[in-house]
Amino acid sequence: MGAVRIAKSDHDQIEYVIGSNGHSADALISILQDIQAELHYLPEEALRHVAKRLNLPLIQVYGVATFFKAFSLKPKGRHQCTVCMGTACHVRGAGRVLEELERKLNIKAGNTTDDMEYSLDTVNCVGACALGPMVIIDGEYLGIMNAAKVKNVLKAHGAKAARSGQRKG
Amino acid sequence: MKEVVVGLASCGIAAGGIQVYNKFSELLDAEKDETALKQTGCYGMCFREALVEIIEDSKRRTLYGQVTPERVERIVNEHLRGGKVIEEWIVKEEGQFLAKQKRIVLHNCGKIDPLDIGDYLASGGYQALKKVLSEMAPEQVIAEVARSGLRGRGGGGFPTGRKWESCRNAPSRNGTRYVICNADEGDPGAYMDRSLLEGNPHSVIEGMIIGAYAIGSSQGYVYVRHEYPLAVKNLGVALEQARARGLLGKNILGSNFSFDVKISRGGGAFICGESTALMASLEGKIGEPRPKHIHTTEKGFHGKPTNLNNVETWANVPLIINRGAAWFSSIGTERSKGTKIFSLVGKINNTGLVEVPMGITLREIIYEIGGGIPSGKKFKAVQTGGPSGGCIPERLIDLPVDFDRLTEVGSMMGSGGMIVMDEATCMVDIAKYFVKFLTEESCGKCVPCREGLDRMLDILTDIAGGRGREGDIELLEELGYAIRDTSLCALGGSAPNPVLSTINYFRDEYEAHINERRCPAGVCKELITFTIDKEKCNGCGLCAKNCPQQSITGKKKEAHVIDQTTCIKCGLCRDNCKFDAVVVS
Numbered sequence: 001m002g003a004v005r006i007a008k009s010d011h012d013q014i015e016y017v018i019g020s021n022g023h024s025a026d027a028l029i030s031i032l033q034d035i036q037a038e039l040h041y042l043p044e045e046a047l048r049h050v051a052k053r054l055n056l057p058l059i060q061v062y063g064v065a066t067f068f069k070a071f072s073l074k075p076k077g078r079h080q081c082t083v084c085m086g087t088a089c090h091v092r093g094a095g096r097v098l099e100e101l102e103r104k105l106n107i108k109a110g111n112t113t114d115d116m117e118y119s120l121d122t123v124n125c126v127g128a129c130a131l132g133p134m135v136i137i138d139g140e141y142l143g144i145m146n147a148a149k150v151k152n153v154l155k156a157h158g159a160k161a162a163r164s165g166q167r168k169g
Numbered sequence: 001m002k003e004v005v006v007g008l009a010s011c012g013i014a015a016g017g018i019q020v021y022n023k024f025s026e027l028l029d030a031e032k033d034e035t036a037l038k039q040t041g042c043y044g045m046c047f048r049e050a051l052v053e054i055i056e057d058s059k060r061r062t063l064y065g066q067v068t069p070e071r072v073e074r075i076v077n078e079h080l081r082g083g084k085v086i087e088e089w090i091v092k093e094e095g096q097f098l099a100k101q102k103r104i105v106l107h108n109c110g111k112i113d114p115l116d117i118g119d120y121l122a123s124g125g126y127q128a129l130k131k132v133l134s135e136m137a138p139e140q141v142i143a144e145v146a147r148s149g150l151r152g153r154g155g156g157g158f159p160t161g162r163k164w165e166s167c168r169n170a171p172s173r174n175g176t177r178y179v180i181c182n183a184d185e186g187d188p189g190a191y192m193d194r195s196l197l198e199g200n201p202h203s204v205i206e207g208m209i210i211g212a213y214a215i216g217s218s219q220g221y222v223y224v225r226h227e228y229p230l231a232v233k234n235l236g237v238a239l240e241q242a243r244a245r246g247l248l249g250k251n252i253l254g255s256n257f258s259f260d261v262k263i264s265r266g267g268g269a270f271i272c273g274e275s276t277a278l279m280a281s282l283e284g285k286i287g288e289p290r291p292k293h294i295h296t297t298e299k300g301f302h303g304k305p306t307n308l309n310n311v312e313t314w315a316n317v318p319l320i321i322n323r324g325a326a327w328f329s330s331i332g333t334e335r336s337k338g339t340k341i342f343s344l345v346g347k348i349n350n351t352g353l354v355e356v357p358m359g360i361t362l363r364e365i366i367y368e369i370g371g372g373i374p375s376g377k378k379f380k381a382v383q384t385g386g387p388s389g390g391c392i393p394e395r396l397i398d399l400p401v402d403f404d405r406l407t408e409v410g411s412m413m414g415s416g417g418m419i420v421m422d423e424a425t426c427m428v429d430i431a432k433y434f435v436k437f438l439t440e441e442s443c444g445k446c447v448p449c450r451e452g453l454d455r456m457l458d459i460l461t462d463i464a465g466g467r468g469r470e471g472d473i474e475l476l477e478e479l480g481y482a483i484r485d486t487s488l489c490a491l492g493g494s495a496p497n498p499v500l501s502t503i504n505y506f507r508d509e510y511e512a513h514i515n516e517r518r519c520p521a522g523v524c525k526e527l528i529t530f531t532i533d534k535e536k537c538n539g540c541g542l543c544a545k546n547c548p549q550q551s552i553t554g555k556k557k558e559a560h561v562i563d564q565t566t567c568i569k570c571g572l573c574r575d576n577c578k579f580d581a582v583v584v585s
């Protein structure tokens, strides 16, 4: 973990999250989820701060942060692309959709592109099995996918992101 | 007066339901059109989402399927304003899909607005709670649930009444007891809990309040997957509304019983569906299970007696109280009472959520409700019970479905995923898929599960990759029995099921991979080749244009050829070909 200092506003945000979850050790996972939702990852400083404020050993906070899939200790890209790998999606060819995304984005699942544009991840099941294979980009559900559709999906999403001004440069 | 009801559960939203809703909202004038626009949860007919129901004079109903914003305009003009039903968009499979079902738990899903407690109350909601608080002692509630024969719907099938009783009777120094709703629906391919929480959250909450009263608990938790954002949201709204009506909180409905519920979001770990791991995670710890020499009903969450039931189990409780244990136990088989919700997915025509009486046969579910296998392909197997379950072959298709019969054939009920597989599904690949899933999800605490599953995955990867050796099948079996018998928790204990059941029923496919280096279903990449059928190829060049390896060559309007030395078998050529000219062998 790098020793990146988090901004003051982020620090206040973390304080707020801990307070709104009642300063309770029981709420550790909820607190980390809320921080992850705000910052898109869990910086080292945030983990240390949470441990101190909840009076928990850092190892427990670090343990939880690395045990659960919902958390990332590495910064995430501006756009999140998630491929459902549930059984129903698998038997309909989700593996090949993922491989094509890996080729097109030039990263393996679980990683982020060098320009910090896209993070590519898998999820075990989003429960939309009837529409599998399923890909979710920035919260938008795209059903009945196949490898051939990937190119256009990324193109359309890139254009949309550019229009709404989300994309830098 | 007319009503337009749009299905806005996750499936509906994924199919564009929100855009459909917005389009209606834009076009309709509530007063001029005398039409109310409403939303509801999941109809179960996911294969025809987005679904829109038009109800006229509260009785005549029309269900339209695959509605898009473009189609909304015609529905508004022709049907709502012109009074003419658009026949070609009606969901024609509805009758066939519903005929053999018995929708009691799902009855209100797809009917009521989950964000409006008034809808649930109008359909008789919270009457069971009223009855319990005004006329029944806790012991009577437990006896009624025990008499109904209800068994846990999360997979284990433990008798619910007996669990409640042992939790109520377990000593607790300060009287604290907890009830938990397990909504960490981790089985890939199962989504009935998500649908219930999204479509009828109050039925689950009502069940929990009744359970808490029976057990003597004042604090409950719902542990729900964070991958289900809509379920978390709808449940949160429902809890607020229940509190505002005095159905949760202090002195519920004027009685001296107090109870409240908190939501806790899971962190994306399959193991947290296991009760002791779930409770560890609720305490803010790593989700590792512990041995269950002492049951969680005696020492669970924070060391206090804790009763954990699955979403579907809780939703059954109000029905049993309202309609009686005798009614409930009249449905189902001798040892499995009531109904079970299955998510019927995979290679099946009518994909969706189905609720059937226990004891119905697999054939009725797959061919009558599900409408059979698409594209004229042949049915091969059905997988039940998720990663802990097994594959049931075609020759057992007349098996009646209940807890015990599924276990007898080497599978299990699990939470109710039912994944249908056709001849193009490779059973070695399926076994490998589940074992890979389980190696990633194993918490790593005990050796048999952590190391044994890794080893099984190595062997399966070799077999699928054409590097299988004689004796591999026997080794897999030996490892499987050892892992099953020596793992700490149910995850490891049932983890070899997908492998053992596929070896049991599809040994010939394993042998073809090992002895002939051949994947009969044409799935395992290292054992197949992609070629172009010269007769069908018209040389459009789409495959060559999309090939990431530039492995395809050919002149315009002439048959193309794939260079086998550089082909990576990604399948893009087959996906792109409009003439079915790419052949896998």
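Sequences listed follow chains P and U, in order. 1 is the number of the first residue of the first sequence in the UniProt record's numbering; add one for each residue after it. 1 is the number of the first residue of the second sequence in the UniProt record's numbering; add one for each residue after it. Even glycine gets a Cβ: it sits at the ideal position worked out from N, Cα and C.
Item	Value
Should R168 (chain U) be labelled buried (16 or more other beta-carbon atoms within 10 Å of its own) or exposed?	buried
What span of residues does the alpha helix (DSSP H) with F97 (chain U) cover, start to end?	E94 to A99
Can the beta-carbon of E185 (chain U) be found less than 9 Å from the beta-carbon of N234 (chain U)?	no
Output needed in chain order: residues of the region 40 to 63 of chain U with a Cβ under 8 Å from some Cβ in chain P.	C46, F47 and E49
Tell me whether the beta-carbon of A88 (chain P) lies closer than 9 Å to the beta-carbon of A147 (chain P).	no
Among U:S258, U:A242, U:T176 and U:E288, which residue has its Cα nearest to the Cα of G63 (chain P)?	U:E288
Mind checking who F506 (chain U) pairs with in its DSSP beta bridge?	Answer is none; F506 (chain U) lacks a bridge partner.
For M279 (chain U), which residues from the same chain have a beta carbon less than 7 Å from its beta carbon, with the 5 sequence-adjacent residues on both sides left out?	T296, G300, F301 and T306
Taking any Cβ of chain U, which residues in the region 58 to 79 of chain P have a Cβ under 8 Å from it, in chain order?	Q60, G63, V64, F67, F68, K69, A70 and F71
In or out: S148 (chain U) buried (at least 16 other Cβ within 10 Å) or exposed?	buried
Just checking: is the beta-carbon of A25 (chain P) within a distance shorter than 9 Å of some beta-carbon in chain U?	yes
Can you tell which of P:Y118, P:E102, P:K104 and P:V83 has the C-alpha that lies nearest to the C-alpha of K76 (chain P)?	P:Y118
Can you check whether the C-beta of F434 (chain U) is within less than 9 Å of a C-beta belonging to chain P?	yes
I'd like the list of long-range same chain contacts for I348 (chain U), defined as Cβ closer than 6 Å, with 5 residues on each side in sequence excluded.	G370 and V420
In chain U, which residues lie with their C-beta within 7 Å of the C-beta of C129 (chain P)?	G189, Y191, S343, V345 and T351
Look at the Cβ atom of E49 (chain U), then the Cβ atom of G95 (chain U), and state whether they are nearer than 9 Å.	no
Considering only residues of the region 16 to 87 of chain U, which uninterrupted alpha helix (DSSP H) runs meet the minimum length of 4 residues and lie entirely inside it, listed in chain order?	17 to 27 and 69 to 74
I need the DSSP call for K168 (chain P), collapsed to helix, strand or coil.	A caution first: K168 (chain P) carries a pLDDT of 38, below 50, which makes its placement in the model unreliable, though a value can still be read off. Of the three classes helix, strand and coil, the one that applies to K168 (chain P) here is coil, per DSSP.
Find the nearest neighbour of R153 (chain U) within the set U:W314, U:I532 and U:N497, judged by alpha-carbon distance.	U:W314
Using a Cβ-Cβ cutoff of less than 6 Å, which residues in the same chain neighbour V583 (chain U) once the five nearest sequence positions on both sides are dropped?	T531 and D533
Which chain P residues sit within Cβ distance under 7 Å of T425 (chain U)?	V91
Any beta-carbon of chain U closer than 9 Å to the one on L47 (chain P)?	no
Applying a beta-carbon distance threshold of less than 9 Å, which residues of chain P neighbour P548 (chain U)?	E100, R103 and K104
Going along the chain, which residues of the region 393 to 420 of chain U sit with their C-beta nearer than 9 Å to a C-beta in chain P?	G417, I419 and V420
Could you compute how far the alpha carbon of V135 (chain P) sits from the alpha carbon of P496 (chain U)?	29 Å
Can you give me the Cβ contacts of I31 (chain P) inside the same chain, cut-off strictly under 8 Å, excluding the 5 residues immediately before and after it?	V17, I18, N21, V50 and L54
So, is N22 (chain U) buried or exposed, given that buried needs 16 or more other C-beta atoms within 10 angstroms?	exposed
Let me know the secondary structure DSSP gives residue 590 (chain U) once reduced to three states.	Chain U is shown only over 1 to 585; residue 590 (chain U) falls outside these bounds and no answer can be derived.
In the region 303 to 329 of chain U, which residues sit with their C-beta less than 7 Å from some C-beta in chain P, listed in chain order?	none
Whose Cβ in chain P lies nearer than 8 Å to the Cβ of Q383 (chain U)?	T87
For F270 (chain U), which residues does DSSP report across the bridge?	BP columns for F270 (chain U) are empty, so no partner.
Based on the DSSP output, what are the partners of Y118 (chain P) in its beta bridges?	P:H79
Any Cβ of chain P within less than 9 Å of the Cβ of R153 (chain U)?	no
Can you give the beta carbon distance from S501 (chain U) to C391 (chain U), rounded, assuming they're within the 8 Å contact cut?	5 Å
Nearest chain P C-beta to Y228 (chain U) closer than 9 Å, yes or no?	yes
If I'm right that V401 (chain U) touches L460 (chain U) with Cβ under 8 Å, what's the distance once you round it to whole angstroms?	Between L460 (chain U) and V401 (chain U) the Cβ distance is about 28 Å, and since that is not below 8 Å, they are no contact.
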